[in-house]
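Visitor: Each residue of the sequence shown is one higher than the last, beginning at 36 in my numbering.
The beta carbon of each residue, even a glycine, is placed where N, CA and C say it ideally should be.
Since the model is a prediction, treat every value here as computed from it, not as a measurement.
Shown below is the structure under consideration.
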Amino acid sequence: MRTLILCITNFTILISLTKGLLFMKADTKYGINRQEVLTRLATSGITATFAISSNPRIIHAAPLREDLQNYDVMYPRALAGVWETTRTIKIVEGDGQMAEAAWRGLGGGTKGFNSGTEERFMTKFITSPENVSMAVLDREFELKQRLGDKKLEQVSWKASDPNILIYKTSNNPSPIQIRVWTRSMEVNEAGLGFLELYVISQGPFERVARVQRKLRPTSDGGIDGIEVMKTYRLLDGVVGDLPTSTTKSIIRFSPLS
């Protein structure tokens with residue numbers, strides 16, 4: 036019952052936020068003044084300092100089961116469009132090889148994997164096919180931006196079926212599949228956050244990565260984010276209870292000038 040109440044509360048907050056966004060002045064091709072929206076959000080109490088707990092949800096060793104609480108990660112429609120993204124790795128703890136394998140499997144760029152590694156690429160949010168008042172991340176577009184056309188040979192992803200992405204690179208003999216197994220979202224006074232559990236499959240190999248991200252708008256029209264990726268062992272369909280690695284990054288979305 037408590038979980039249900041929390042879910043309803045978070046959903047109500049998200050809907051209220053969305054309604055506020057949709058009724059603002061429309062003067063862009065997306066029908067919303069993005070700068071005005073983000074500035075208003077940034078000055079409305081949503082910019083409170085936030086942090087990701089080192090263990091926001093305890094994981095116990097258990098068989099892998101699908102648990103998608105949301106169709107996809109839903110963003111305010113004001114974010115629809117292309118943004119310049121900067122990702123910087125701050126800390127890598129534990130098994131560095133497992134962390135790098137998961138990071139690259141999820142579309143990590145061609146640069147080295149260590150503290151201080153910075154990526155710059157474009158990110159695109161598109162109107163959700165399930166809810167036109169919301170936006171979702173175009174995962175195919177972002178993967179192409181991070182890997183580059185020369186390295187990426189093929190990619191398959193649909194916004195109508197967002198939980199499976201398959202791609203193949205020039206330096207890998209077999210395709211890689213990313214499947215979202217679990218997803219939850221959180222919207223509160225500190226911003227918007229989500230948690231997803233991925234299984235990254237390539238041939239006979241499977242890796243598990245849990246990614247938690249929290250975002251908040253800034254007064255200059257951008258969006259700041261913190262991301263924590265944890266990897267886990269997967270043995271006979273059972274996910275281990277202790278993470279094998281933890282990678283912490285900061286993310287910055289900047290509007291195109």
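Looking at VAL108 and VAL171, is the spacing between their C-beta atoms short of 8 angstroms?
Guide: yes
Visitor: Write down every uninterrupted run of the beta strand (DSSP E) in the region 130-216 whose length is 3 residues or greater and which is fully enclosed by it, in chain order.
Guide: 153-162, 169-172, 187-193 and 196-204
Visitor: What separation, rounded to the nearest whole angstrom, lies between the Cα atoms of SER191 and SER236?
Guide: 14 angstroms
Visitor: Buried or exposed for GLY272, please, with buried defined as at least 16 other CB atoms from any protein chain shown within 10 angstroms of its CB.
Guide: exposed
Visitor: Quick one: what does DSSP say ARG218 is sitting in, helix, strand or coil?
Guide: For ARG218, the three-state secondary structure derived from DSSP is strand.
Visitor: Should GLU231 and VAL243 be called a contact, given that it needs their Cβ atoms to be closer than 8 angstroms?
Guide: Judged by their CB atoms, GLU231 and VAL243 are not nearer to each other than the 8 angstroms cut-off.
Visitor: By the 10 Å Cβ neighbour count, where 16 or more other Cβ atoms means buried, how is LYS125 classified, buried or exposed?
Guide: exposed
Visitor: Kindly indicate which residue of TRP118, GLU101, LEU103 and ASP102 has the alpha-carbon position closest to the one of GLY257.
Guide: TRP118
Visitor: If you compare alpha carbons, which of THR253, ILE211, THR217 and TYR233 is closest to LEU227?
Guide: THR253
Visitor: I'd like to confirm the pairing. Which residues does DSSP put opposite GLU231 in its beta bridges?
Guide: BP columns for GLU231 point to ARG218 and VAL246.
Visitor: For ARG287, does the three-state DSSP call read helix, strand or coil?
Guide: Three-state DSSP puts ARG287 in a strand.
Visitor: How would you call PRO197, buried or exposed, if buried means at least 16 neighbouring beta carbons within 10 angstroms?
Guide: buried
Visitor: Only counting the same chain, and skipping five residues up and downstream in sequence, which positions put a Cβ closer than 6 angstroms to that of LEU114?
Guide: PHE160 and ALA170
Visitor: Taking 8 angstroms as the threshold, find out whether the region 272-282 comes into contact with the region 131-146 through three or more Cβ pairs.
Guide: yes
Visitor: Work out the CA separation of LEU187 and SER208 for me, nearest whole Å.
Guide: Looking at the sequence provided, one finds Pro at residue 208 rather than Ser. PRO208 and LEU187: Cα-Cα distance of roughly 12 angstroms.
Visitor: To which residues of the same chain is TYR4 closer than 7 angstroms at the C-beta, ignoring the five residues directly before and after it?
Guide: Outside the shown range of the chain (36 to 292) lies residue 4, about which nothing can therefore be said.
Visitor: Using a Cβ-Cβ cutoff of less than 8 angstroms, which residues in the same chain neighbour PHE148 once the five nearest sequence positions on both sides are dropped?
Guide: ILE124, VAL127, GLY131, ALA134, GLU135, TRP138 and ARG139
Visitor: Looking at the secondary structure, which residues open and close the beta strand (DSSP E) in which VAL263 lies?
Guide: Where VAL263 is concerned, the enclosing beta strand (DSSP E) stretches over 258-267.
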